[in-house]
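When the letters of the sequence shown are read in order and numbered with our numbering, they come out as residues 548 to 1024.
Each remark here refers to the structure printed beneath this line.
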Amino acid sequence: MKLATRLGSSALAVVLAASTLGRAEPVQYCRFGHEAGQVDFCLGISTHRNSSTSKHDMYLSLAVTRDSELGWSAVGAGSLMAGALMFIVYGDPGDRGHAPVLSIRTVQGNDHHRPPRLVSRADMGGADLRVLQAQWMQTTPSAGHEQYALSASYRPQSARFSLVCYSCELWPGTPISPTSASQPWIWAWNDQQQFGVFSFDAELDMHRAGSGGGSGWGRFYMDMGRSLTQPGDYLPSFPPLRPNVVAVGASDTLTAMGIAGITSSASETWHKLFSATPPVLRAHGLLMASSFLLLFPAGVLTMRGGSHRAFTYHWMLQGLAATCVLVGAALGVVVVRAHGHRSSRGHAATGAHSHSHSHGKRHDESSSAAEAMFIAHQWLGGMVVGFVLLQIILGWWHHVIFVRIRTRTWVSYAHMWLGRTDMVAGCVNLLLGMALTGYNMVSIDAAAVLVVLEVFGVAFWLYHRRRIEASQALDKH
């Protein structure tokens, strides 16, 4: 059902609103999936600079179309649930005596395995949220589905909300930038959960499986700067939702937002690395990244660099890299123990109401996949640390033998190939760690490209040095 309402949804109203905005205009992202049994929501945003606080206030209009009391729908500012400011909608559209519920939640820290909890004033970091409208409105049937026009009682309802996030850039979770050209958002939904009571703190079952399309969750990006107005431009107001318009200043993909969007995403990555990420986790990532992207490759290159001090440079760099890995692994253990990671079996719900479906499935963005990824990260990390320790022994053994007989043995080749395997495994684990920490796909893709380029670069250098050494050996003969 194309989302439109009887109030404020005429084309004339949209034109007048657009002309009033001048340079700035509200941005909008919608998914019209009700007719196909998919998620159906529409989010409009306008941002206003508050001259009194010198901060930015975000005005949101949210509509969710539904014709059943089952399930919930959600949107959130952020690229992952962890740190996102989430707006979760549920309620019975047939009960016009009770307004739909808008539950505002988040997942703190970087623990993707925790269910979202209600946001308190203390969580806001100085920002403030006010819900000014929450009501059911009857939608207008689309031309392609005349059955809804037969009787108004069969038409789905639209849960309509108007809310303001004052000084929203102070939100301490995932950065919400009023000037971002590609502010990341997530959406998710569940169409099966039965609620015993429609309370603000009701326990939530997990969203539908899979991402994008007709599945249970996805991402989109909004050009916040496009909606930004300055004091004196006009009085701030809630953005009208444009009927039948999928996107204005928004996109499903980051690349569609252009260079400005990618640059904004890079800025968010640096912010996450140096301020939003907990210090211990940040140190863990920096130590591991430095080891596998810088120190280990440098140690390989110096060994074949042709210098008479090549061996000294090699063992110094490799020793420093191994130290970083061991310290980083220890910090990783500290992080795991501090956040209490556990198997998904430990997430059984404790609600008072039981239903035929499992309440152990909590609303966690792809929690089963995240759990598997986290376990893989742990096991791969343990393997990498074990290989590093074995490398130290093999390196020492190779040196002792080589000094005596001046030729390579199986120990030498085991040392080299184990080192190569360890570097590849470490880089793969680095990418897994970035995904678990909540970096966006542009950052992860960029890191993957860097890893591939580095692998080819080191391989080319070794091939080049091998040819030079072979040529020098022929000249001596």
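The beta carbon of each residue, even a glycine, is placed where N, CA and C say it ideally should be.
Reference residue i, options the options, closest by Cα
{"i": "residue 981", "options": "924, 870 and 941", "result": "924"}
{"i": "residue 746", "options": "665, 861, 669 and 723", "result": "665"}
{"i": "residue 672", "options": "722, 958, 964 and 884", "result": "722"}
{"i": "residue 574", "options": "785, 990 and 931", "result": "785"}
{"i": "residue 841", "options": "774, 853, 869 and 592", "result": "869"}
{"i": "residue 675", "options": "848, 878, 651 and 686", "result": "651"}
{"i": "residue 839", "options": "997, 795, 783 and 955", "result": "997"}
{"i": "residue 685", "options": "872, 667, 668 and 704", "result": "704"}
{"i": "residue 715", "options": "771, 882 and 874", "result": "771"}
{"i": "residue 594", "options": "855, 775 and 930", "result": "775"}
{"i": "residue 791", "options": "579, 732 and 1015", "result": "579"}
{"i": "residue 943", "options": "667, 858 and 663", "result": "858"}
{"i": "residue 622", "options": "577, 582, 645 and 1011", "result": "577"}
{"i": "residue 973", "options": "835, 953 and 947", "result": "835"}
{"i": "residue 589", "options": "601, 608 and 599", "result": "608"}
{"i": "residue 670", "options": "649, 631, 984 and 728", "result": "631"}
{"i": "residue 966", "options": "1013, 941 and 954", "result": "941"}
{"i": "residue 625", "options": "724, 713, 637 and 602", "result": "724"}
{"i": "residue 635", "options": "955, 855, 948 and 750", "result": "750"}
{"i": "residue 773", "options": "756, 726, 787 and 755", "result": "726"}
{"i": "residue 975", "options": "602, 995 and 860", "result": "995"}
{"i": "residue 730", "options": "668, 764 and 627", "result": "627"}
{"i": "residue 748", "options": "1004, 1017, 637 and 950", "result": "637"}
{"i": "residue 720", "options": "1013, 663 and 1001", "result": "663"}
{"i": "residue 571", "options": "795, 602, 668 and 709", "result": "795"}
{"i": "residue 999", "options": "983, 1017, 882 and 977", "result": "977"}
According to DSSP, residues forming a beta bridge with residue i
{"i": "residue 620", "result": "636 and 736"}
{"i": "residue 1008", "result": "Residue 1008 is not bridged to any residue."}
{"i": "residue 713", "result": "675"}
{"i": "residue 964", "result": "According to DSSP, which records beta bridges pairwise, residue 964 is partnered with nothing at all."}
{"i": "residue 721", "result": "Residue 721 is not bridged to any residue."}
{"i": "residue 755", "result": "Paired residue(s): none; residue 755 is not in a bridge."}
{"i": "residue 603", "result": "596"}
{"i": "residue 664", "result": "653"}
{"i": "residue 769", "result": "730 and 797"}
{"i": "residue 866", "result": "In DSSP, residue 866 forms no bridge with anything."}
{"i": "residue 836", "result": "Residue 836 pairs with nothing; no bridge assigned."}
{"i": "residue 591", "result": "575 and 608"}
{"i": "residue 930", "result": "Paired residue(s): none; residue 930 is not in a bridge."}
{"i": "residue 829", "result": "DSSP lists no partner for residue 829."}
Residue i CB to nearest heavy atom of the ligand SAH below 6 angstroms
{"i": "residue 983", "result": "Looking at this structure, you won't find the ligand SAH or any other ligand, since it has none at all."}
8 angstroms contact criterion, which residue i and residue j should meet: CB distance rounded
{"i": "residue 711", "j": "residue 606", "result": "6 angstroms"}
{"i": "residue 610", "j": "residue 707", "result": "5 angstroms"}
{"i": "residue 604", "j": "residue 597", "result": "5 angstroms"}
{"i": "residue 740", "j": "residue 617", "result": "6 angstroms"}
{"i": "residue 647", "j": "residue 681", "result": "6 angstroms"}
{"i": "residue 619", "j": "residue 718", "result": "Rounded, the Cβ-Cβ distance is 22 angstroms, inconsistent with contact."}
{"i": "residue 769", "j": "residue 734", "result": "Not confirmed; about 12 angstroms, so no contact."}
{"i": "residue 581", "j": "residue 612", "result": "5 angstroms"}
Cβ-based neighbour list, residue i, same chain, cut-off 7 angstroms, excluding 5 preceding and 5 following
{"i": "residue 876", "result": "928 and 932"}
{"i": "residue 879", "result": "831 and 928"}
{"i": "residue 993", "result": "none"}
{"i": "residue 969", "result": "931, 934, 935 and 938"}
{"i": "residue 806", "result": "In this prediction, residue 806 has a pLDDT of 49, which is less than 50 and means its spatial position is unreliable; nothing more can be read from the coordinates."}
{"i": "residue 945", "result": "958, 959 and 962"}
{"i": "residue 614", "result": "640, 703 and 704"}
Own chain partners of residue i with C-beta closer than 6 angstroms, once the 5 adjacent residues on each side are dropped
{"i": "residue 820", "result": "Because the pLDDT of residue 820 is 49, which lies under 50, any placement of that residue in the model is unreliable, and the number read from its coordinates should be weighed accordingly. Result list for residue 820: empty, nothing under 6 angstroms."}
{"i": "residue 799", "result": "767"}
{"i": "residue 569", "result": "Because the pLDDT of residue 569 is 45, which lies under 50, any placement of that residue in the model is unreliable, and the number read from its coordinates should be weighed accordingly. Result list for residue 569: empty, nothing under 6 angstroms."}
{"i": "residue 845", "result": "864"}
{"i": "residue 661", "result": "654"}
{"i": "residue 1006", "result": "none"}
{"i": "residue 793", "result": "577"}
{"i": "residue 843", "result": "868 and 970"}
{"i": "residue 1011", "result": "none"}
{"i": "residue 713", "result": "604 and 675"}
{"i": "residue 823", "result": "Low confidence applies here, because residue 823 scores a pLDDT of 47, under 50, leaving its location unreliable; read the following figure in that light. Correct list: empty, nothing qualifies."}
{"i": "residue 591", "result": "573, 575, 608, 786 and 788"}
Close beta carbons around residue i, own chain, < 8 angstroms, minus the five adjacent residues each side
{"i": "residue 643", "result": "683"}
{"i": "residue 979", "result": "920, 923, 924 and 927"}
{"i": "residue 1008", "result": "848 and 851"}
{"i": "residue 783", "result": "593, 595, 604, 606 and 776"}
{"i": "residue 1015", "result": "853"}
{"i": "residue 860", "result": "846, 849, 850, 852 and 854"}
7 angstroms Cβ cutoff, residue i in contact with chain B
{"i": "residue 1010", "result": "In summary, chain B is missing from the structure at hand, where a single protein chain is found."}
Assess contact between the segment 954 to 965 and the segment 828 to 841, defined as three or more Cβ pairs (one per stretch) separated by less than 8 angstroms. Is contact present? no
Count the CB pairs spanning the segment 933 to 953 and the segment 865 to 879 that are closer than 8 angstroms, and state whether there are at least three. yes
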